[in-house]
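Quick note, in the numbering used here, the sequence shown goes up one by one and the last residue is 309. What follows is a set of notes on a single structure, which appears directly below.
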Amino acid sequence: MNDPELEAALDAQQTLVESSLPLVREVFLQAQRDRVAHPLVVLIDCEDELGGDVARGWLGDETVNDAIALQHAEQVAARENEAADEPEHDEDHDEPATTVYAHGIAWSEARGVLSAAFPYLEPILDMKPAPEGILVISITAGGASALTAPLSDE
């Protein structure tokens, strides 16, 4: 791959999944308990322009805006607590976490909804669900990619 922008987007999409594994697993297991047929998880960065549009389409403007405001308030409070505990500033904490929404959806439903929005995902969604792992559609950095997350840390 020689496109630095595409590489950066794919890295961001993978990082979003990796940093959200507990949430991904929780949403997947809840979808199974709710008897969703062949669930996959749609993981959305609500602060990304495209991700925000998708999240607002599912949840509404007010819900997404409130979630982002709450996330930012929690980040400010955490930084203030860290500053009080650690007089020396740690630059690793400058990068803000994002507001994430995860939704368990049936494979058949995802095929229609996500293929329309992201035609390049259609070949993945036309395949049969994998027997192991969780298919995650990560939406951030202006696009989406399909990744497989492990069911457990083992």
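Where is the CB? At the ideal position from N, CA and C, for every residue including glycine. Note that the structure is a prediction, hence the values are computed from the model and not measured.
Per DSSP, the continuous beta strand (DSSP E) segment holding A299 begins and ends at 298-304.
A residue is called buried when at least 16 other Cβ atoms come within 10 angstroms of its Cβ; V231 does not meet this threshold and is exposed. Judged by pairs of C-beta atoms under 8 Å, the region 197-205 touches the region 252-265, as three or more such pairs exist. Contact between R180 and L306 holds: CB atoms are separated by about 7 Å, below the 8 Å threshold. In the structure shown, D200 falls within a strand segment according to DSSP collapsed to helix, strand and coil. Cβ contact annotation for L165 (same chain, cutoff 7 Å, sequence separation greater than five): S300, in chain order. For V255, the enclosing beta strand (DSSP E) has its first and last residue at 255-261.
Within the model, the alpha-carbon separation for P194 versus W213 is close to 17 Å. Comparing alpha carbon positions, the residue from V268, E173, P159 closest to D308 is E173. The three-state reading of DSSP puts V191 in coil, since its state is none of H, G, I, E or B. Annotation: the continuous alpha helix (DSSP H) that includes S174 extends over 159-174.
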